Amino acid sequence: MKTTHMKKTAKVLRISAIIIAVAFVGLVVYANRYPKPLSARVYEIDYRLYQCNNLKDSASAIQLEEYLQSIEGVSSASVNWESKLASIVYKTASAEPENIDAFASNQSFASLSLATSVGKNASGGCPVSKAAFAFNKLCNQLNFRN
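The working numbering puts the first residue of the sequence shown at 352, with every later residue one more than the last.
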């Protein structure tokens, strides 16, 4: 009696494993039917804007801009001599905002704004439901093209 029950259980487990494997392979094939969209390849960024009242001339603005662009993880930095504003766009994953903030506080720059892309997923007024967003995110993770 036990052997018949064990054989039946083993057969059910084997069939279940095959079904799960086929479903996973099907999901991978489905996810790879098109190249990854641009939105799946975009990294998360942060943006900082500083008031730089202690800029003396345009040469110091250029020097400051070159320094800010040399910081690891900074994608873009711009210093406007006339408005005395410095804007910095950096990759959240690779930049260290503490270094940028420490440099800004050492230079007596006033932080004007802090905008971030964190938390701008499917929430609030977004027309994409959370289930569809999660499914698309899973498909993008399983997409091996590009």
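In this text, a Cβ means the ideal position worked out from N, Cα and C, and glycines have one as well. None of the values given here were measured: they were computed from a predicted structure.
#### Entry: Segments of 3+ residues assigned as beta strand (DSSP E) that fall wholly inside the region 419-473
425-431, 436-442 and 461-467
### Query
Tell me which same chain residues have a C-beta within less than 6 Å of the C-beta of Ser427, skipping the five on either side of it?
Val440
### Task
Could you check which residue in Gly424, Ser445, Glu423 and Asn404 has the C-alpha nearest to that of Trp432?
Asn404
### Query
To the nearest angstrom, how far is it from the Cα of Thr467 to the Cα of Ser480?
With a pLDDT of only 49 at Thr467, under 50, the local geometry of the prediction cannot be trusted, and no value is derived from it.
#### Entry: Inter-residue spacing [alpha-carbon to alpha-carbon] between Met357 and Arg365
12 Å
### Task
Report yes if the C-beta distance between Ala446 and Ile413 is below 9 Å; otherwise report no.
Result no, Cβ atoms of Ala446 and Ile413 do not sit closer than 9 Å.
### Short CB-CB distance (under 9 Å) between Ala483 and chain B
Note that chain B does not occur in the displayed structure, where there is just one protein chain.
### Task
Assign Val430 to one of two classes, buried (16 or more other C-beta atoms within 10 Å of its C-beta) or exposed (fewer than that).
buried
### Query
What's the C-alpha gap between Leu436 and Gln420?
15 Å
### Query
If we call anything under 9 Å between Cβ atoms a contact, is Leu400 one with Leu489?
If you check the CB distance, Leu400 and Leu489 do not come in under 9 Å.
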